[in-house]
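*Asks:* Structure incoming, see below.
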Amino acid sequence: MKLFTVLRYLWAFPNTAIGLLLLPPALVSGGTVKRIRGVLEISGRVPAWVLERIPFAGTPAALTLGHVVLGCSEEDLQRWRSHELIHVRQYERWGPFFIPAYVFSSLSARLKGKDGYLANRFEAEAFLRQRDVT
Ligand SMILES: [Zn+2]
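See below:
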């Protein structure tokens, strides 16, 4: 593993650690864990339960926390993989500042009368660039 790769993982690790907290309960409850392209993808009842409680418009099918992606199901993870990989890259750039910056972007959009999800700069980048991920 190259030094730069190690640094990207370390910089994003505070967020990854939050996602890793769900690993034991997900496994115990029969969930699935896969390592794909350097990212741990966790799906099953426990991630689905968590995602249902995220205060977004509707339940997100997947959510990225550093190098962990939570999904309601393996199908959801596959469908959203290219989008979530853009978020992984964003975590690698922003590190521990990603979540506050993401929330700030949503609040800023709402204050301008826009959608807090679709007008979020990080979501806009993910939707724009997700097709570039193969
Ligand atoms: Zn997204």
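First residue of the sequence shown: 160, per this note's numbering; consecutive thereafter. Just so it is clear, CB atoms sit at the ideal spot from N, CA and C, and this is done for glycine as well.
Check whether the segment 164–173 and the segment 217–234 touch, using three or more Cβ-Cβ pairs below 8 Å as the test.
*Replies:* Flag = yes, the segment 164–173 and the segment 217–234 touch.
*Asks:* On the three-state DSSP scale, how would you describe leucine 266?
*Replies:* helix
*Asks:* Out of Gly197, Asp291, Pro214 and Ser265, state which residue places its alpha-carbon closest to the alpha-carbon of valine 165.
*Replies:* For the set Gly197, Asp291, Pro214 and Ser265, the Cα lying nearest the Cα of valine 165 is the one of Gly197.
*Asks:* Could you check which residue in Ala285, Ser202 and Ser267 has the C-alpha nearest to that of arginine 194?
*Replies:* Per the Cα distances, Ser202.
*Asks:* Exposed or buried, what is aspartate 235 when buried is set at 16 or more other beta-carbons lying within 10 Å of its beta-carbon?
*Replies:* buried
*Asks:* Determine contact between the segment 203–218 and the segment 247–256, defined as no fewer than three beta-carbon pairs at a distance below 8 Å.
*Replies:* no
*Asks:* From the DSSP output, in three-state form, read off valine 165 for me.
*Replies:* helix
*Asks:* Since I believe histidine 242 is in contact with alanine 285 (beta carbons under 8 Å), could you give me their beta-carbon distance rounded to a whole number of angstroms?
*Replies:* 5 Å
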